[in-house]
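Chains as they are written, first to last, in my numbering: chain A, 1 to 285; chain B, 1001 to 1747; chain C, 2001 to 2159.
Beta carbons: idealized from backbone N, C-alpha and C, even for Gly.
Model, not experiment: these values are computed from the prediction.
Please read the structure below before turning to the comments.
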Amino acid sequence: MKFHSPQSVDEAIGLLAADPDAKILAGGTDLLVRLRSRDVAPSAVIDIKRIDALTTISQPDGRWRIGAAVPSAEMNEHAGLKAAWPGVVEAADLIGSTQVQGRATVTGNLCNAGPAADSVPAMVAAGAMAEVAGPDGTRLVPVEDIPTAPGKTSLKQGEMVTAITLPGKPANSGDAYLRFIPRTEMDIAVVGVGIALTMDGDTIKDAKVALGAVGPKVIVADAAAKALIGTTGDEAALDALAEAASAAATPIDDKRGTAEFRRDVTGVMAKRTAKIAIARAKGEA
Amino acid sequence: MAKDEYQAREFKVIGTRPIRPDGIDKVTGKAQYGADMSAPGMLWGAIKRSPHAHARIVSIDTSAASAMKGVKAVITRADFTHQPEDKANADVLDNCMAGERALYDGHAVAAVAATSKSIAAAALDAIKVDYEVLPHVTDVDDAVKPGAPIIHEGRQRENVPEGHNGNVISRTAFGHGDPEEGFKKADLIIERNFTTAATHQGYIEPNACLASLGADGQGEIWVCTQGHYMVRNVSAAVLGLDAGKIRATASEIGGGFGGKTHVWQEPVALKLSQEAGKPVKLVLNRDEVFRATGPTASSSADIKIGMTKDGKITAATCTYRLQSGAYPADNAMLAAMCGFAPYDLEHVRTEGLEVVTNRPKAAAYRAPGAPMGAFPVESVIDELCQKLDLDPLDTRLQNASREGTRAVYGPTYPAIGLEATLEAAKAHPHWTAPLGDNQGRGVACGFWFNFGGDTSVSLMVNLDGTVSLAEGNPDIGGSRAAMTMMAAEELGIPLDQVRTFIADTASLGQNENTHGSRVTYAVGLATIKAARHAIEVMKQRAAMKWGIDADAIEWKDGAAHPAGDNAGKFPPMSIKEIAAISSNTGGPIAGHHEANPEGAGVSFATHMVDTETDPETGAVKVLRYTVFQDAGKAIHPDYVEGQFQGGAAQGIGWALNEEYVYGEDGRLQNPGFLDYRIPVASDLPMIEPVILEIPNPGHPYGVRGVGETSIVPPLAAIANAVSRSSDVRLTALPMSPPKVLAAMKAK
Amino acid sequence: MSRIHVSTTINGDETEFLCEAQETLLDVLRDDLDLTGSKEGCASGDCGACSVTVDGRLVCSCLMLAAEAEGRAIETIEGMADGDDLHPLQQKFLEMGALQCGICTPGVLVAAKNLLERNPDPTEEQVRYWLAGNLCRCTGYDKIIRAVMETAKDMRGAA
């Protein structure tokens, strides 16, 4: 295995395009585990942490831009980002331990295409876009379109995600992410729910609901969002949200939980997440 | 039983909380654990393991691996040319390196030694094994069904009656009275099945050793273990070597909890070293630790208890089936002995069935068998109390074992501390603290035998009057502090004048493992007696100097004194002064003691826990926890409390989230700390330890072992709390959220 | 296989080493630099026994390639005491019996020190969540959490 540490995105793409078996190394908290267990054996790793443009959080044109090499701990320490998108930041802050958060990136969390990735439902709900760079230039792709199946992405040969972008925070909006895990920390999500919504007075005028760990990839639950839109987020609306979220889930039985449990808890978590998002949109939390 | 060793006395050192002697090395990273030692010319060992739960090994082709640059040895079972006669040792060999069949996912089938870790890993990949996959069984209740694949033909012992299949290797039975008569007197009888999952000891330090073995059969092994004598003895027997030609040295040990009381890979490292002609370091990875070093047994128990409406238990029976993994073990016997031990019963019968399955060899885990023994008993007693509207502490007190009670496993108890723990629980503010919504409070009791065992200690008085204490038990949780304190107490000298070392196997007589909660009791007893022996020698030296009889000398405050005016008027002669003249008064001064002490007092505990259940997700949170346990005498209370707290935390993990998960293919699905979920810091509350001191008659200072009992009560204590918070009786561990939620939905 | 040359700073000392591309920082610390105070409990970032800081950021050294250490400043347990003077956390752990077997202790201490540098007045809950990635199987965490809280109090008083 070779180790590359390119200084620019172009150099990284050149290396990636030239070597189909190379892997991008951002935080490495997933890649190193897979290297160690011999689950993957790349010909090279391309460490992108020496590329200045990928190591910062910025707001170039109203949108937030989180470089692909920014660890989640830095997101949590960024007051502006945290104020704008607390749900996304909290989700990033749930990835593994403090130690893992010192390295793990939301871009890596996305590109590993794990069905239970914590940051992904939060980013999807928030309308995040992935900045994809490749031999043919740069394009923006909705985050939900990056993973296609467990471990698989829509990225083409030679392409890499260089940043995640988030819209500027709309007025009267709030986002939240909650997950269910058996312990209080250190587990992979059994269910994850990200919700972002915008209020008009007491009425929810727009909402997006994304579900994690209950399907082969993140699920955008439009029916669940519809259950909220046009309501005040009262108990009846929340019950309808829960029912729609549970119905949208397509979970399986595995070592982390049963399908039935996951479906039930999807609804529970959706309600709890929505309450936080509504409170945030109203400026109450 | 207990010998009359105990003498009440005032202590100067015992019961204080000094800084442990090995502490600085452990907070600075200097302490050397199993994987921290290296040797000149050292090679890295690695083991290839079966991916199948049960398979015949058709052939193994090692030629490509052997031909690789940097590979210095490749071995399979064929290289172990000695076949041990002893069945237990033959099982150890077969477990270390599979013979004709691989018996579980993770069973070793070949090993290599190479000049680097990466070459060793590549060499494992180059070994080609041809398997014929065989039918497997991993569940204990499936294993005893007709038609189950039989793991070992012809191993069933004669004590197993007709009607059991060949996976039931052994049956034991205990009890007295006539339960059928007793049940007739009951107002309420509850009969249920309970199951517990296999759990791993979860020590944070993976098993590791550094071995060197010559062609002449002389060797050295540095090893992280709970018993380096055991490692030496068993490795020698497995390899057909003379034990005396091997010297084992214990590294610092990063947790064991019973899991390191067995030999898992040491003979492989020794054999690799012998083949390669160089030292070999063999360090397991976490995946191997989970797949191939013993978890505890999973269990299934059919229990029946009868009670009168005023709380008297009239009769009790329980049949325990414990899966011991791929090789026979005694866990069901221990469960059958321990489950009802806290209760004074007129009519009681228990039976233990040892069941083999296609899982790794089950190992001891802190009071082995006892948690599985207690879980059904303490759960059903609680349920009887709920249904008969009785107080769970008073009912336990009413039925509690006490001095003179005939234990279910046979003997009659001397002075014991169970009632004291129950009374302390009743009197504690925890018992009457208010509870909120979805919260409940559970209690449960637990028992462990404790143990003595072969023990050898030497205490050397150096020329400058300082003391070196040599003991032969790996210090897993502060025992060097305890030994140092006992030696200083007995000699009457300051603590910093004594240093305790863990001697290698060539420096002391046989020492049993650090297990059975035996070390502070047995090694402590031997330390006190070795100190007394040294004092006798020093009194003789002083007598020689003073020209009086040694009987006319008494020892106090670290010095020889004339026993009275008749003995003569001499100023006291301190240990330093006696040491300084030792060369001229007969030579070096040392005391020693060798024994197999039999007075380890039994141990009881009562635990109290508050839990809160999330009614929508089934998640159980532990809010408050208090441990009441009899320590006999707490030598260093910090480390007694630590044992109480640590055992409770392990029990909480066992109760709520820990389990071995096997797939249909018989492979372990969660061999890592990500999905084998031991409690993390944010999962637990503070755990309050309440130390009770009912002196053990069998120890000079009254010490009872405290290491194991604390894992026994939590399983039922938490189930009882959940029952009282959510009105669901969980009978299958772990009480993970999906199970709790399903139970609540089914109400 | 050609090896990679890395120049780094470890516990204040300029250090150079050669490593293979797939070797982790933990491998090099332990096997090449004889800094065996960082422990390998899992090699998957789940136990925290290998905790170190890299440019002041707490990480698992098992989850970082050694080659990534180029130009970074690394602190390990071996650098925590100032000569014979123990760090207040080390001293408090000894005084309060906050260790049993001691295998998790280096990682816990490195992590706790990093916490107190960022937050000198953490709540019990903050300490527990910060240390959730440092598994301890012996203590039930009680004495560890108390020792961190007590140290924080002492250090605030001394500041």
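- Under the 8 angstroms criterion on CB atoms, A/LYS152 is classed as non-interfacial with respect to chain B.
- As a beta-bridge residue in DSSP terms, A/GLU131 pairs with A/LEU140 and A/ALA163.
- The segment 56-122 of chain A contains, as complete alpha helix (DSSP H) runs of 4+ residues, the segments 72-76, 79-84, 86-92, 98-101 and 106-111 (chain order).
- Non-local C-beta neighbours of B/LYS1304 in its own chain, meaning closer than 6 angstroms and more than five positions away in sequence, comprise GLU1191 and THR1317, ordered along the chain.
- Closer than 8 angstroms to the CB of A/PRO182 there is at least one CB belonging to chain B.
- Interface with chain A (8 angstroms Cβ-Cβ cutoff): B/GLU1641 is excluded.
- Within the segment 2132-2153 of chain C, those residues whose Cβ lies closer than 7 angstroms to any Cβ of chain A are, in chain order, ALA2132 and GLY2133.
- Against chain A, the beta carbon of C/GLY2041 has no neighbour under 7 angstroms; the closest one sits roughly 12 angstroms away.
- Around A/ALA221, the same chain offers VAL209, LEU211, ALA245 and ALA248 as residues with beta carbons nearer than 6 angstroms, after the five sequence neighbours per side are excluded.
- Counting along the chain, the unbroken beta strand (DSSP E) around B/LYS1281 starts and ends at 1280-1283.
- Taking 8 angstroms as the cut-off, the beta carbon of B/ARG1541 is found no closer than this to the beta carbon of B/GLY1591.
- Close CB contacts of A/GLY283 within its chain, under the 7 angstroms cut and outside five residues either way in sequence, are absent.
- Taken through DSSP and simplified to helix, strand or coil, B/THR1028 comes out as helix.
- With a beta-carbon spacing of about 3 angstroms, B/ASP1638 and C/GLY2097 fall inside the 8 angstroms limit used to define contacts.
- Interface residue (Cβ-Cβ distance to chain B less than 8 angstroms): C/ILE2077 is classified as such.
- The beta carbon of A/PHE3 falls within 8 angstroms of a beta carbon belonging to chain C, placing the residue at that interface.
- C/ILE2010 is outside the set of residues whose beta carbon lies under 8 angstroms from a beta carbon in chain B.
- Taking 8 angstroms as the CB threshold, A/ARG256 lines the interface with chain B.
- Rounded to whole angstroms, the Cβ separation of B/GLY1472 and B/ILE1502 is 7 angstroms, and the two are in contact under 8 angstroms.
- In summary, the residues of the segment 257-279 of chain A whose CB is separated from some CB of chain B by less than 7 angstroms are GLY257, THR258, PHE261, ASP264, VAL265 and VAL268, in the order they occur in the chain.
- Here A/GLU131 is buried: its Cβ has 16 or more other Cβ atoms, across all protein chains shown, within 10 Å.
- Secondary structure at B/HIS1052: coil, using DSSP grouped into helix, strand and coil.
- Inter-segment contact for the segment 1633-1652 of chain B and the segment 201-208 of chain A is absent: fewer than three beta-carbon pairs are separated by less than 8 angstroms.
- Here C/PRO2120 really is in contact with C/ARG2156; their C-beta atoms are around 6 angstroms apart, less than 8 angstroms.
- Sequence-distant partners of B/THR1395 (beyond 5 residues in either direction) whose C-beta falls short of 6 angstroms from its own C-beta, in its chain, are GLY1311 and CYS1385.
- Taking the Cβ atoms as the reference, B/SER1251 lies roughly 5 angstroms from B/GLY1034, within the contact range of under 8 angstroms.
- Look at B/HIS1593 here: in three-state DSSP terms it is strand.
- The beta carbon of B/ASN1285 falls within 8 angstroms of a beta carbon belonging to chain C, placing the residue at that interface.
- Interface criterion met: the Cβ of B/GLN1645 is under 8 angstroms from a Cβ in chain C.
- In summary, no residue of the segment 231-250 of chain A has a CB separated from any CB of chain B by less than 8 angstroms.
- Of all residues in the segment 26-39 of chain A, the ones placed with a Cβ closer than 7 angstroms to any Cβ belonging to chain C are GLY28, THR29, LEU32, VAL33, LEU35 and ARG36, in chain order.
- Here C/SER2051 is buried: its Cβ has 16 or more other Cβ atoms, across all protein chains shown, within 10 Å.
- Contact of A/ASP21 with chain B is not assigned, every C-beta pair being separated by 8 angstroms or more.
- Between the segment 253-265 of chain A and the segment 1728-1746 of chain B, the count of C-beta pairs closer than 8 angstroms reaches three or more; the two stretches touch.
- For A/ASP187, the residues of chain B that pass the 7 angstroms Cβ criterion are ARG1677, in the order they occur in the chain.
- Using beta-carbon distances, C/GLY2102 counts as an interface residue toward chain B, with a partner under 8 angstroms.
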